[in-house]
Structures are given as structure tokens and as C-alpha cells.
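Comments concern the structure below.
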Amino acid sequence: MSRTNGVLFHGMTTAKKATSTYRNDLLRAPLAGILEAGWATFALVIAIRYFEASETHKAFIAGAAPIGFLLTPITLYLAASFRARPSLSCTFILATATLLLLGASIVQSLLFFTLFAVLSQVAAVQQGPLMLQIYTENYTRAERGSRMTWPFILTALFSIGFAVAGGRLLDLKIEAYHWIFGIMVVACGISAAACAKIPSSPLSCDNVGNPWQSLSLIWKDRFFGFILGCWMLLGLGNLIALPVRVEYLANPEYGVNASNTTIAVLMLVVPSAARVLSTRMWGRFFDRLHFVSTRNLLNLFFLASIGFFFFTTNIYVLSLAMALQGLAFGGGKIFWSLWVTKIAPEEKASSYMSIHMALTGLRGSLAPFIGYAILSGSSPAMVAIIGMILILASIMLFELIRGHTRLQETAVRSILC
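Below, the structure is given as C-alpha cells:
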């Protein structure tokens, strides 16, 4: 059956491939919103308030996705070695995540809950470079940002709905986390089935290379390496503060002591609403504006969000801070997912993406531990100050490459398209 589908996909026109990819992405998007809310907020809230988790357990849960990112070059190489279609590889990955989520939904101990919650997300994020290869193959350069907007909007809307419903459910009965993870099991399983219907061509080791060859792009393509360095500072600055936000809201010691519903609203509903309102704008910006202009505009929103959040207990100021975070994530999601297509050869896009994701994984794995280490020796305000300094440094470094030839070339191509 898969061979027949492969032949059919191979015979598709570019327009039909784009339409099929977009249609299935729209189906997957609401399910991604459910999974995002579950992994990003509820897993940590459950660990804190049901299992009374230690700092180590909380850091592992907060760093699950970045830990998974570290493995993406290996996953991509294995898929290429089997000449697998990226879409079928994503199906296998999400099916594995479904089984792991099932484990998280039924266990009763902190150790096994942490294990299954972390591993399910580690598995799910392996689809990143594979989906980028699909987008590179099936969407033209001029439409990639715009094609991503409605799926991201649907993801944000369903994240809002699931966050509100899940938060209220946990306020009524914290043991109801089993139902929350049960819903995530269904969402992940359907998403796996949808991936199988997306057209894609078999991967080739000639283009992908082994993990070391992909890693060598950092120093062989020095421009790519410099951008990754800038991104490292930005990511560390933002990510050391991200899990501490939940701690700041949930821990009575810091003066907020918000309810589970309030935490879900602040951490997911408010930023998701801002994402919904801004995503189409950011999609157009990605396709039409200069790389550095878009990147640094996003960075300023991240900077402002941290500045407003950690120096108040006022619910309205906290909401403003999370709205700014949502505006940043509205464009940041598109930019993070697609930026390598601005500078990478199209046949090597997945290799560039795998290294970008691996370094995201490196900083993301370290950031929760760094954030909690700073917090244990000082205060949330100190975490915020250090994060803001790192983001400000990244802004200045990004400005240094504004006039680079490769960025000027991509800007011209976008205008012409």
C-alpha cells in the first residue's frame, strides 16, 4: 500500500502536493494544540501539585522537548538510511509517542510519570527536520510562511480551549490528570494517521549525510554557524525564564499563588490568543521582510515579556507580559520552523534543520537546570535580568549580519516571487 501511495505522490503536480500537504496540516493543527497544552503546562503542573516533584524531576519535564531535539540528527540519518518517506517516518514517530502518552495516563508513581511524559515528547519532536523537508519540497519559497499561518492559528485556538478545560478539571480534581493524558493519546494517534497521507519523496543519504557531516555544517558554513551562535544566546535568555514562570505563579513563596485555571490561562490562553491575532501578520513578514528585521522584532517582544513578568504580582501586568510572549511566539514558531530555508540549499534543508534543532535541544536541555539553579540561589528577578542580558546581546549580534550577501539575495528573491 505504501509503495502504491509513493507512486501516486511521485506523480503529483507541485500544486497538488501543496494542497494535500496543507489539507493534512490543517487536520493535524488542532491536535497539535492539545498536545502542546498538555506537554507545555499540564505535565509540569501535575508534577508540582499532584506528585510534589523535586527540582530535578521538574527540570527534566520542562526540558523534554529540547532533550529530544538533540537526537534529531540521528533520527534523520536513520530515516535516510532506510530511504524512508518523511511523512511515513513522522507517522512512526507519532505512533511511538502515542504509546508513551498512554503509559503516562495510567501510571501512579512520579518516576514513571516523569519517564513517560518526557519520552513521549522526546519522541514527538523527532518529526521536526522531516516536516521541514516536506515543506521545502511541497511549498514554494514565496508561500512557506503564509502556508504555515492557519495551521498555527488552529494550534493556538485548540491550545486555548484545552488549557481552559484542563485547568478547570484539575482545579476540581487533580487526579483527573489521567483524563487529560488520555485525550492527548487520542490526539497523537490521529495526528500519526494524518501524517501518512502527506506526499513526500524518499530521503537520500547523499543529501542528508551522517550526523557528523550534518554537524560539520556549523564550521564549514561559517555564516550558518554565526547565526546559530546568535540563536544560542537568544534561546538561553528566553528558556532559562520559561519554566520559572510556572514556578513563579504556582509557588506561594513568590506572592502570586495562582490557581491551576489561572496558571493555564496565563501560560497558554493569553499567549495563544496573541498568537492567533498575530500569526498571519508574521507569516507575511517572514515571506517579505529582511531576515534580521523580523528576527530582532521578535527578540524585542521576548525581552519586553520577561521584563514585565518577573517584577510584579499584578494579574493584569502578568497578562500583558504573556500577551507579549504570545506575540513573539506567533512569529517565532514560523521563524524557528522555516528560517534555514532562507540560507540552506533546498536539498540540504533537513540537514541544516537537524543541527538547528540539536543546538536548540542543547540549550533547551541546559536552560531549565540553569534557570532553577539561579532561582535556588537568588530570585525570579535575577533569572529575568540574566535572561534579558542574553537576549539583548543576541539582538546586537544579529544586527552585525544585516548586510550579508546571502540575506540580501533571499530578500530579493522574496520580493521577486
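When we follow our numbering, the leftmost residue of the sequence shown carries the number 172, and every step to the right adds one.
Note that the Cβ used here is the ideal one computed from N, Cα and C, for glycine as well.
Per DSSP, the continuous alpha helix (DSSP H) segment holding Leu215 begins and ends at 214 to 220. Boundaries of the alpha helix (DSSP H) around Tyr348: 348 to 366. With contacts defined by Cβ atoms closer than 7 Å, Leu439 and Ala208 form a contacting pair.
Judged by DSSP secondary structure, Asn378 falls within the alpha helix (DSSP H) whose first and last residues are 376 to 379. For Ser565, the enclosing alpha helix (DSSP H) starts and ends at 551 to 570. Around the beta carbon of Arg315, 16 or more other beta carbons lie within 10 angstroms, which makes this residue buried. Taking the Cα of Ala445 as reference, the smallest distance to any Cα among Gln279, Gln384, Leu495 is reached at Leu495. Shown here, Lys344 sits in coil according to DSSP, grouped into three states, outside any helix or strand. For Val511, the secondary structure class from DSSP, reduced to helix, strand or coil, is helix. No Cβ-Cβ contact shorter than 7 Å links Phe333 with Val463. Nearest C-alpha to Val335 among Trp453, Pro382, Ala275, Thr433: Thr433.
Comparing C-alpha distances from Lys504 to each of Leu290, Phe479, Phe473 shows the shortest one belongs to Phe473. Leu247 has its alpha-carbon roughly 37 Å from the corresponding atom of Glu223.
Annotation for Val417: Leu215 place their beta carbon closer than 6 Å to its own, counting only its chain and skipping 5 residues before and after.
Per the coordinates, the alpha-carbon of His349 lies some 5 Å from the alpha-carbon of Ser276.
The alpha carbon of Asn381 has as its nearest neighbour, out of Leu325, Phe394, Ser521, the alpha carbon of Ser521.
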